[in-house]
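Residue numbers (the numbering used here): 3 to 223.
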Amino acid sequence: MIFSRKRAGGARHARDERTAEVLDSYDAEESSPETPSRGPYDASEAPDMPRLDLGSLQIPAVPEVEVRVQADPQGVIQQVVLVHGESALQLGVFAAPRSEGIWDEVREEIRQSLSNDGAAADEVEGEYGTELRARVRTPDGPTDLRFVGIDGPRWMVRGVYQGAAATDPTAAGPLAACLDGLVVDRGHEAKPVREPLPLRLPREMAEQATQENPAPGQREV
């Protein structure tokens with residue numbers, strides 16, 4: 003659209019005001035996106051609720067779910083496992099590119115790794131998209147696993163269900179509620195794709211662990 007320099011100033015002023023209103027409305031929509039109905043959430047869009055802050059992951063407080071972490075003496079977490087009854091959910095969070103998700107590629111690599119170990123893996127459509135289910139051999143006997151991946155903005159959450167929740171998603175119950183309420187704090191630092199995002203014990207827990215100087219292992223939260 004071409005604007006003439008000879009138009010009346012009042013008309014142009016009114017038009018500029020209307021344009022500004024449209025732009026302000028657009029900016030408001032862009033800066034205030036609707037909160038998704040379920041997580042995992044990015045830290046920029048998460049609804050408020052009590053959560054355990056482990057750095058890059060914030061885990062919602064769900065009744066009867068135990069949060070077990072394996073951390074070194076400095077409080078750096080190596081593993082996070084949620085337990086409810088006979089089921090468990092191991093969580094991991096990884097850096098991803100801005101332009102695309104990585105779960106499809108990661109899932110294929112998991113499937114190939116399982117195949118190399120002699121375990122057949124099947125792809126099944128689940129609540130978060132394509133999942134991977136497999137039965138693996140362990141020292142305690144055959145174990146069923148269900149791999150779930152969720153791509154977010156510059157991050158990916160990987161969950162591994164064990165126990166009843168591995169074969170029957172309806173048995174996940176409170177563990178699924180934890181996944182739905184999970185928050186990822188990606189931060190702004192550039193990281194290599196697939197690098198695990200840093201997880202740490204809350205400061206008071208890390209200080210207590212340092213004072214007690216326990217051997218590395220699992221701690222219940």
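Where is the CB? At the ideal position from N, CA and C, for every residue including glycine.
Looking at the structure shown, is residue i part of a helix, part of a strand, or coil, going by DSSP?
i           : result
residue 205 : helix
residue 112 : helix
residue 119 : coil
residue 77  : coil
residue 65  : coil
residue 165 : coil
residue 59  : strand
residue 125 : strand
residue 107 : helix
residue 178 : helix
residue 171 : helix
residue 183 : helix
residue 43  : strand
residue 196 : coil
residue 86  : strand
residue 49  : coil
Suppose you measure from the CA of residue i to the CA of residue j; what does that come to, to the nearest Å?
i           : j           : result
residue 160 : residue 93  : 6 Å
residue 52  : residue 101 : 31 Å
residue 117 : residue 177 : 27 Å
residue 129 : residue 42  : 12 Å
residue 64  : residue 110 : 32 Å
residue 199 : residue 188 : 7 Å
residue 179 : residue 82  : 16 Å
residue 186 : residue 99  : 15 Å
residue 197 : residue 163 : 21 Å
residue 68  : residue 80  : 17 Å
residue 119 : residue 143 : 15 Å
residue 60  : residue 152 : 15 Å
residue 57  : residue 75  : 16 Å
residue 121 : residue 46  : 39 Å
residue 195 : residue 78  : 20 Å
residue 165 : residue 141 : 15 Å
residue 73  : residue 95  : 16 Å
residue 148 : residue 71  : 20 Å
CB-CB under 8 Å to residue i, same chain, minus the five flanking residues each way: which ones, in chain order?
i           : result
residue 55  : 204
residue 23  : A caution first: residue 23 carries a pLDDT of 42, below 50, which makes its placement in the model unreliable, though a value can still be read off. Excluding residues within five positions, none has a Cβ falling inside 8 Å.
residue 184 : 41, 42, 43, 59, 60, 61, 62, 93, 159
Is residue i near the ligand GDP - that is, is its Cβ less than 6 Å away from at least one heavy atom of it?
i           : result
residue 152 : Among the components modelled here there is no ligand, and therefore nothing to report on the ligand GDP.
Got a sec? Which residues, its chain only, sit under 7 Å from residue i by beta carbon, not counting five neighbours each side?
i           : result
residue 113 : 123, 134
residue 174 : 89, 163, 167
residue 104 : 98, 153, 158, 195, 196
Below 8 Å on the Cβ atoms is my guess for residue i versus residue j; work out the distance and round it to an integer in Å.
i           : j           : result
residue 156 : residue 145 : Contact doesn't hold; Cβ gap of about 32 Å is too wide.
Using a Cβ-Cβ cutoff of less than 6 Å, which residues in the same chain neighbour residue i once the five nearest sequence positions on both sides are dropped?
i           : result
residue 150 : 130, 133, 161
residue 91  : 84, 161, 163, 177
residue 193 : 97
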